[in-house]
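**Student:** Final position of the sequence shown in UniProt numbering is 55; the numbers increase by one with none missing. Cβ coordinates follow ideal geometry from the N, Cα and C atoms, glycine included. Nothing here was measured: the structure is a model prediction, and the numbers come from that model. The structure is given below, and queries will be raised subsequently.
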Amino acid sequence: MMREFEIERQFQIKIDVIKANKGIYYLKTNKGERCLKKINYGPQKLLFVYGAKGI
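Listed below in structure tokens is the structure:
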């Protein structure tokens with residue numbers, strides 16, 4: 001898992017609570033609730049998956 005301060009720096013947020021559950025991290029931050037998931041593939045596949053979901 002990324003260290004908390006790395007997440008705060010990268011996403012420009014302040015984390016109040018972080019909970020891990022099945023590879024997903026639920027965060028309560030100064031900008032509301034967030035959900036992060038670490039992926040093990042590159043940007044091209046991420047864009048493909050994102051596009052395939054129709055979001």
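Classify isoleucine 39 as helix, strand or coil using the three-state DSSP reduction.
**Tutor:** As a first step, residue 39 must be located in the sequence shown, where it is residue number 39. Isoleucine 39 falls in the coil class under three-state DSSP.
**Student:** With a CB to CB cut of under 8 Å and the five nearest residues on each side skipped, what residues in its chain are close to isoleucine 24?
**Tutor:** In the sequence shown, residue 24 corresponds to position 24, counting from 1. Within the same chain, isoleucine 24 has close Cβ partners Cys35, Leu36, Lys37.
**Student:** Starting from residue 142, follow the beta strand (DSSP E) in both directions and report where the run begins and ends.
**Tutor:** This structure cannot speak to residue 142, because the chain is shown only from 1 to 55.
**Student:** Is it the case that the Cβ atoms of residue 93 and isoleucine 13 are separated by a distance below 8 Å?
**Tutor:** Residue 93 is absent from the structure shown; the chain starts at 1 and stops at 55.
**Student:** Just confirm the distance between the C-beta atoms of leucine 27 and isoleucine 15, as a whole number of angstroms; I'd bet it's less than 8 Å.
**Tutor:** The sequence position of residue 27 within the sequence shown is 27, counting from 1. The sequence position of residue 15 within the sequence shown is 15, counting from 1. So it is a contact: roughly 5 Å between Cβ atoms.
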